[in-house]
Each structure stands twice: as C-alpha cells, then as structure tokens.
C-alpha cells in the first residue's frame, strides 16, 4: 500500500467521518495503551496507522484522501487481564463501534477468539483479520429530495411487523436480484400491498448489522431474526442488493424515502441490550477488545464473567457514560441521517437496569426524554427481560408505548374458551387503563397484538396446541410451551372442512378483536395472508421457506377482511380514541356501556362469573371529547360489538337505552362483511364463537 498522510484530526464525532476531501477517524477507549487504525486495500493487504492523538479518551487522526469505500478496522493494545475485566488483544481486528457500513461476515475460526478453545485461561495471538468483518468509510451524501416523514399520530397508527428478507424473498413480482433486500421492500408491488392493506408504519425486525452464530452455522442454520447485533450504526449488509462497500446505506435510505412517499412510517426493532460477542467464552469482534469493562456489565465479584439479563450471554452497561453516548448517538443517527420514524426496543427492561433492579428513573430514560430529537420519535418498549423483576408491562414512563403482553394473553384466552376472561378482555379492549392511566399516559401507550415474530403465526395459533420446533435442532425444547393456543380439534394440517371453517372464523375473531380495540394495533407480517410456520413458534434460525412469506398461497378472503377492518378503524374515530372512556353520560348517553345477552347492563357479579363467555359493548361515537388533528370537533357513529366465545349460538336482546335502530356491518360467522349493511331487529343471534359489529343509524 502507498504511504498514508496523517493529520491530528478531531476527537469528535466518533467513527469515520468523510468530509469530501478526507476522513477523520475517532475511537473511544479508556483502557487502551495504544491504538492502530488498520486500512485494507482491495487485495486485503493491511496498512497500520498509529493513532497518537488522544483527547477525552478518544484516539483520533485525520487522513487526507481517504474516501468512501475504504475498508478499515482497529487493533487495541492494552492489558489482557480477564480477572480485572480487561480483554485487549491486538491480534484481533476490531470493528469500529460507530461504523456506518460493514463488509463481509464472520468466517468462524479459532482465531476469532482471544483464548485457545478448550482453555479459557489461555491467550490466543493468532491474527483474526482474515476471518472477520471490515468497517467501511461511507459516503454521507444522499439526495433526499422532498422527503418528509408522515408523522402519523399514534392513535391513527397501524403497525405492520415485517422482516426485510422474509417479506420479499419469495415475492413473484419482485425481481430476483431485489428479493430479500431493502430495495425489495421498496418495490411497487410490496408498497402497494401495504397501502391497500391500510397500515401506516412498518416495524422492521433488526436491520443493524448482526452476526450469524457459530453454533447455528455448524448446524447448517442461520440467525434469521437478527437479534445478535454487532454494529449499531450500520444497516445489515446481507439485506443490500447494491453492494456492501457503503452502498447498503443509500439503499436503506432509498427504501425509507419510498415508504414515506407512500405515507408509511419506518420503525426499527433495535437491540441495545446486548451484543453478538456473547459471554466470557464468546468471540472478540468489537467492544470486548476495545474496552470490555466500559461496554459490558461485569459481575462485580468476578469480572471475568458477564451480568446477563437477556439470555444471550452479556448485557450492555447502560450506567457507563460512553455506552449511553453510543446508544444515544445511534438513535439520533437513524432519525437525522436515515430518516426513520421510531424504535421498538428489544428487552427494554434491561436498558432500565442502572444498578440491579429495573429503575423507571434511570439515566437512560432521562437522556431519552431530554433529547430534542429522540424524544419526538415513536418509542415502543418490549417491557420485559429475563432478569429478576423483569416483567414491566405498564411500568414504563411517559412518552413510551409498550408491547402489551396482557392484551395478547387476554384475547387468546377468551377465544380459546378459558374461564374468567370477560373482565380481562374488557380492560384490554378499552386500552388497558389499569396499566397506563395512572401515570398520565393515554390508550396509545398500549401496542395491541395477538401474534408477533416470537411465537405462532395467526394461522398456527388456531391450528396447533403444541409447538413443533424440531427443525431448530434442539429436540423441541426451545420456544414457549404455554402458547394459549387452540387447534380447533385437530393438531396441524387437516382436510376436515368443519375444522378448517372454525379455524378461519377464529382468525377473523382475533383480527376483529385486535383492530376494534383502543390502543395501537400491530399486525404480524403475513397474518393477513394466512401464513404458517407449520407449528414452529421459535423460527429465529429458519432462514428459509418456513419463515418467508409464501406469496403463492394467499388467503384472499382473509386479506379482504383485514382491509375492511383497518378501513373501519380508519373511518371511525370511536375505535381509536385519543383519551380514555369515562363510563359517564356525555350528551345524554354514556360514552361506553357493557351488556349481557339479556340486554341488561353488566353487574359486579357478572364480571367475576367464571362461566361467562359472552360480552357486549356500546361505543358512543357522539361522546368523543376534543378535536381532531385539523381542529374539527370529533363526532362519529355509535357501535355495538358483540363477542361470543361460547361453542353454541347465543340470542341477544339489543339494549334500548343505547338507542337505535342498528344495522349489521359484519358477522365473523360469514367469510366477508355484509355487502350491504342490513337493519336488524331488537334481537340478534351470534353463532358459536363469533363477533357481530353493528352500527347505529
């Protein structure tokens, strides 16, 4: 390689920053005694440049004429003393934690580890460079045009949880070279599907650069879900159709721009709770070799080991200022430079563990709330981890919404016929005020879902009693065993028409309950099409047809129901209220009322009756307080929703105190909503396991 000119450069910003004529490199490490910047040419030859300038614990230099596409990494010299929490090893090429683009993937070799395999007390000095990633200098310039975020209010938001590869890998209308990529998500056929479905936001499963686990590759499997992050600024290179030398950054930006043009927001599923380096026996790829004790929570009594509340081997140290800076810099980068609209934080309870317990007042939340950029994004927590006291549904602070696991459980229990579920369902249908109202949050704090990537698909939820994860190679011991599912009488595939009809109706029941509840609904990719994973409820390692959406087998009838339900929600504010129901008369009639099949109002005794399987609710559209986003007074039609989880038909007398007459819009006993709404008398009948949607006129 030719000689490289080196200038002092700046300590900020961290990472590699191209300014049009050269690149500034800056790396944080308090434990380092020396740092080498390693530059690689097209043939893989390495040139090392010593970083001799150190300010505020950042090692830095400016290299003129170093342009986008330059591959680089770091070697950090310092103590290798695991008993003191230090694991520097200059024989290991390290990723830049702030790398905006990353090339290649790990080719697992003993050189990737800082110890000789089989002897964790040893040190391995074999050069890892031939086997690991390269950081890449990226071009920060991109033509955004007139890109503007849709800024859809949360109460109008409908989220679609999607996987970049799985969404399009088998799509027949997407060109082969674009399938499974960011460009595939931006393809007109995919965008049209999302638009006609009516979703307002896609929540992409992890797209930060991640690692395919050594163990999985040895089993001929891959880390499909991507919850194994190594680069918090870099879009995963495996999802790029245009190349890995920085092109993946612009391809991601182009996807965001296209979705925004279609009125669809982009929410990222982010994994700031741990990294792909695992426990003390894991590889040395990045953070561990740069400053192990700063980036990771170590066991105080024995710093050789990692404090783990994630089940992955390590937890990031959110009480350390530079780790907090890394997270905040990453969040701001994805908002300001990549134009994303929000984040779903994986195992967010771990981020709240400043000491041991989950702390609602932790520094992490303070930083989020005070940040003028991040605080304005959509913030969604997965409100649990596996640590002690980790289940924190309802306990996150203002500004945050949460995946509502209690909503999921209540809907599943009700429709499978579990006892004593009516009261719980009523709470979940009305936005879970018992969880969120006391701290001044509103119904949008509840992200409602029946299925998500982790667990059964909707089709499998009504087709399997037990998980079937044999393909994962763990003897079906992995995955959740308590799924609250019901197979409708037969496990798995069946030709029995009665079972098939019941399963289809149960799908419609779940979706109707989801989209007509207060809060923010989230739909799992492919559930609108009848996607199945053949009973696998932990398909994290199944990067194949089992997990990809099969666009050749689309349940067209179910898809039409989905479009109708989302349209009904969009057209009627009573299903997406900004504030809580009060249960008090407004303009002469209560804003919400609960009733029994007799037409009489529910009593305290009725709510606790274990045998109850039916519930009716009146939603007063005329009682919506306030104004819409355009300042217009809110007013709407009123509705009756009738839920019957009995196996038998139930006769209902419609309560006269809520007015009338009523017209029937939808009966889930039927395959489709009524082509023309028909007027009903004072008495209606619900078939076993069905929902009625009636509108007052």
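Residue numbers (the numbering used here): 17 to 713. Cβ coordinates follow ideal geometry from the N, Cα and C atoms, glycine included. Computed from a predicted model, the values in this text were never measured in an experiment.
Whole-Å CB distance - residue i paired with residue j, under 8 Å assumed
i, j, result
"residue 615", "residue 671", "5 Å"
"residue 462", "residue 407", "Not confirmed; about 16 Å, so no contact."
"residue 335", "residue 379", "7 Å"
"residue 566", "residue 258", "About 26 Å separates the two Cβ atoms, so there is no contact after all."
"residue 332", "residue 290", "6 Å"
"residue 77", "residue 126", "Not confirmed; about 32 Å, so no contact."
"residue 286", "residue 359", "5 Å"
"residue 536", "residue 460", "5 Å"
Where residue i falls: helix, strand or coil (DSSP)
i, result
"residue 104", "coil"
"residue 537", "strand"
"residue 682", "strand"
"residue 667", "strand"
"residue 226", "strand"
"residue 278", "coil"
"residue 76", "strand"
"residue 634", "strand"
"residue 442", "helix"
"residue 521", "helix"
"residue 449", "helix"
"residue 431", "helix"
"residue 98", "helix"
"residue 591", "helix"
"residue 44", "strand"
Burial state of residue i (16 or more Cβ within 10 Å)
i, result
"residue 627", "exposed"
"residue 235", "exposed"
"residue 520", "buried"
"residue 28", "exposed"
"residue 106", "buried"
"residue 245", "buried"
"residue 75", "buried"
"residue 683", "buried"
"residue 600", "exposed"
"residue 503", "buried"
"residue 173", "buried"
"residue 598", "exposed"
"residue 120", "exposed"
"residue 458", "buried"
"residue 572", "exposed"
"residue 260", "buried"
"residue 454", "exposed"
"residue 501", "buried"
"residue 72", "exposed"
Alpha-carbon to alpha-carbon, residue j and residue i
i, j, result
"residue 564", "residue 165", "29 Å"
"residue 213", "residue 587", "14 Å"
"residue 310", "residue 480", "45 Å"
"residue 393", "residue 357", "6 Å"
"residue 693", "residue 681", "5 Å"
"residue 142", "residue 540", "45 Å"
"residue 5", "residue 276", "Outside the modelled stretch of the chain, which goes from 17 to 713, sits residue 5, for which no answer is possible."
"residue 31", "residue 61", "22 Å"
"residue 550", "residue 467", "15 Å"
"residue 221", "residue 418", "16 Å"
"residue 707", "residue 658", "5 Å"
"residue 168", "residue 511", "43 Å"
"residue 611", "residue 298", "58 Å"
"residue 456", "residue 413", "9 Å"
"residue 316", "residue 361", "26 Å"
"residue 624", "residue 426", "15 Å"
"residue 242", "residue 668", "49 Å"
"residue 416", "residue 452", "10 Å"
"residue 33", "residue 384", "25 Å"
"residue 613", "residue 620", "16 Å"
"residue 320", "residue 49", "20 Å"
"residue 562", "residue 548", "8 Å"
Would you be able to state if there are at least three C-beta pairs under 8 Å between the stretch 151 to 166 and the stretch 112 to 119?
Pairwise C-beta distances place the stretch 112 to 119 in contact with the stretch 151 to 166, as three or more of them are shorter than 8 Å.
Hey, is the stretch 247 to 257 in contact with the stretch 132 to 148, meaning 3+ C-beta pairs nearer than 8 Å?
The count of Cβ pairs closer than 8 Å, one atom from the stretch 247 to 257 and one from the stretch 132 to 148, stays below three, leaving the stretches out of contact.
Mind the definition here: the stretch 301 to 318 touches the stretch 89 to 103 only if three or more C-beta pairs lie below 8 Å; say whether that holds.
Short answer: they touch.
Quick check: the stretch 528 to 546 against the stretch 510 to 517, are at least 3 beta-carbon pairs closer than 8 Å?
no
Cβ contact check for the stretch 420 to 437 and the stretch 654 to 665: 3 or more pairs under 8 Å
yes
Whether or not the stretch 547 to 562 and the stretch 397 to 411 are in contact is what I'm after, with contact meaning three or more pairs of Cβ atoms, one per stretch, closer than 8 Å; do they touch?
no
Could you say if the stretch 197 to 209 and the stretch 485 to 494 meet the contact criterion of at least three C-beta pairs nearer than 8 Å?
No contact exists between the stretch 197 to 209 and the stretch 485 to 494.
Measuring CB atoms only, is the stretch 573 to 584 touching the stretch 685 to 700, in the sense that at least three cross pairs come out at less than 8 Å?
yes
Per the contact definition of three or more C-beta pairs closer than 8 Å, is the stretch 35 to 49 in contact with the stretch 81 to 89?
yes
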